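Undergrad:
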Amino acid sequence: MSVISKNQLLEAGVHFGHNTRRWNPKMKEYIFGERNGIYIIDLDKTVKLIEEAYKSLYTIAQNQGTVLFVGTRKQLQEVIKEQAIRAGQFYVDQRWLGGTLTNFKTIRKSIARLFEIEKMEADGVFEVLPKKEVILLKKEKEKLDKFFSGIRDMKSIPSALVVVDPKTEHNAVKEARKLEIPIFGLVDTNCDPDEVDYVIPANDDAIRSVKLIVGTLANAIVEAQGGTPIEIDFTDEPSTEERSGRRSIYKEGDRDSRRGDGRSRPRSSRPRPSYNRPRPAAPVAPEAAPVTQETAPEAALEVTPEVAPKATPEVAPEVAPEVAPEVAPVAAPAKKKVNKEIQND
0 MSVISKNQLL EAGVHFGHNT RRWNPKMKEY IFGERNGIYI IDLDKTVKLI EEAYKSLYTI
60 AQNQGTVLFV GTRKQLQEVI KEQAIRAGQF YVDQRWLGGT LTNFKTIRKS IARLFEIEKM
120 EADGVFEVLP KKEVILLKKE KEKLDKFFSG IRDMKSIPSA LVVVDPKTEH NAVKEARKLE
180 IPIFGLVDTN CDPDEVDYVI PANDDAIRSV KLIVGTLANA IVEAQGGTPI EIDFTDEPST
240 EERSGRRSIY KEGDRDSRRG DGRSRPRSSR PRPSYNRPRP AAPVAPEAAP VTQETAPEAA
300 LEVTPEVAPK ATPEVAPEVA PEVAPEVAPV AAPAKKKVNK EIQND
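Going by numbering that gives the first Met the number 0, the sequence shown runs without a break in its numbering and finishes at 344.
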């Protein structure tokens, strides 16, 4: 009897790959075709490869081997934690710390520090310590618990890794390959299948898809330990969106107005500021007042005696012949007219 059916994979949306522009040519053999700009994964091969991975993981667990589940992407953290705990295994659902496998002795020291702080709190040591020191110890405990809660009881290097999206978890894959630890990986069309030992071509973005496949692998461990495998129920998870739909929305232009869960943000009704306001006109310089005979005496007072002798020989010969004929005829009639008006009065 097959451990998983093709209809289950279809219902969970396992067959949806990435956009045709974002793919790894090494995944060509696992691709069935293309539709609406996305690749469709060949589910016949996926069913076959899941069965192979199931048998191998069953053998590892039957030989008292331990398994580490790795999935640090935010939307997958809860699924990874839930299935690892159900199988009685270890998990990493936060950022992968460098050296988690290759420098495991140092990691164990950090975990020992976590146990030490927890013991201090349980024994009532916090009650006699200064308040400031207690606050620092609690912060340290929260940080250590955040990163090591899933591996706090892991006494040695795991016998196998179950990785969701090897491209994102490349540091974990690199360390496991260095230590020759077998890797079971959910590989999408944009990943390199050569990085993992047991390839499971599947949609690694949809929660339904990940829960179905990771839950099936957890069933292998449960069965090897003498437990009863359960049917994976993913109907309560959000339905899978086809990537073609998401890409078409992005093409229409509003990538920044979309949340990570695929819903549009409500647009604000507040009016936007105008950046094309007219600039204020530059102040107009006052017109220079015409020089008259009344202002002449004041100007004459401002000219110092030192300047006058120098300016006289240069200006007088050139200006006097030209100015005199123009000014004299204009000024004379005005004077005669004024005299006549005075006489008439």
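We put the CB at the ideal spot given by N, CA and C, even for glycine. As the structure is a computational prediction, the values presented were derived from the model and not from experiment.
Which class does Gly-70 belong to by DSSP, given the choice of helix, strand or coil?
TA: Looking at Gly-70 - three-state DSSP - the assignment turns out to be coil, as it is neither helix nor strand.
Undergrad: Roughly how many angstroms lie between the CA atoms of Arg-258 and Asp-122, to the nearest whole one?
TA: At Arg-258, the pLDDT of 36 sits below 50, so the modelled position is not reliable; the number obtained from the coordinates is stated separately. Cα to Cα, Arg-258 sits roughly 45 Å from Asp-122.
Undergrad: Step through the CB atoms of chain D and report whether any lies within less than 8 Å of the CB of Ala-52.
TA: Here chain D cannot be found, since the structure has a single protein chain.
Undergrad: I need the boundaries of the alpha helix (DSSP H) containing Leu-56, first residue and last residue.
TA: That run of the alpha helix (DSSP H) goes 42 to 61.
Undergrad: Could you tell me the boundaries of the alpha helix (DSSP H) in which Glu-355 lies?
TA: Residue 355 lies beyond the range of the chain shown here (0 to 344); nothing can be said about it.
Undergrad: What did DSSP end up calling Asn-18 once you bin it into helix, strand or coil?
TA: Reduced to three states, the DSSP call for Asn-18 is strand.
Undergrad: With DSSP run on the structure shown, which of helix, strand or coil describes Arg-85?
TA: Arg-85: helix per DSSP, three-state reduction.
Undergrad: Specify, as a first and last residue, the run of the alpha helix (DSSP H) that Phe-31 falls within.
TA: Per DSSP, Phe-31 belongs to no alpha helix (DSSP H); it is in the beta strand (DSSP E), 30 to 34.
Undergrad: Run through DSSP, which three-state label would Ile-37 get?
TA: Strand, per DSSP.
Undergrad: Given 8 Å as the limit, is there contact between the stretch 64 to 72 and the stretch 157 to 176, that is, 3 or more CB pairs closer than that?
TA: The stretch 64 to 72 is in contact with the stretch 157 to 176.
Undergrad: Given a cut-off of 8 Å, decide if Ser-1 and Glu-51 are closer than it, judged by their beta-carbon atoms.
TA: No, they are not a contact pair.
Undergrad: With a 10 Å radius around its C-beta and 16 neighbouring C-beta atoms as the bar for buried, classify Gln-93 as buried or exposed.
TA: Exposed.
Undergrad: In the structure shown, what three-state DSSP assignment does Pro-200 receive?
TA: Three-state DSSP puts Pro-200 in a strand.
Undergrad: Among Ile-116, Leu-211, Ile-150, Ile-229, which one has its Cα closest to the Cα of Asn-202?
TA: Of the candidates Ile-116, Leu-211, Ile-150, Ile-229, the one whose C-alpha sits nearest the C-alpha of Asn-202 is Leu-211.
Undergrad: Look at the alpha carbon of Glu-141 and the alpha carbon of Gly-225, and state the distance between them as a whole number of angstroms.
TA: Spanning the two alpha carbons is a distance of roughly 35 Å.
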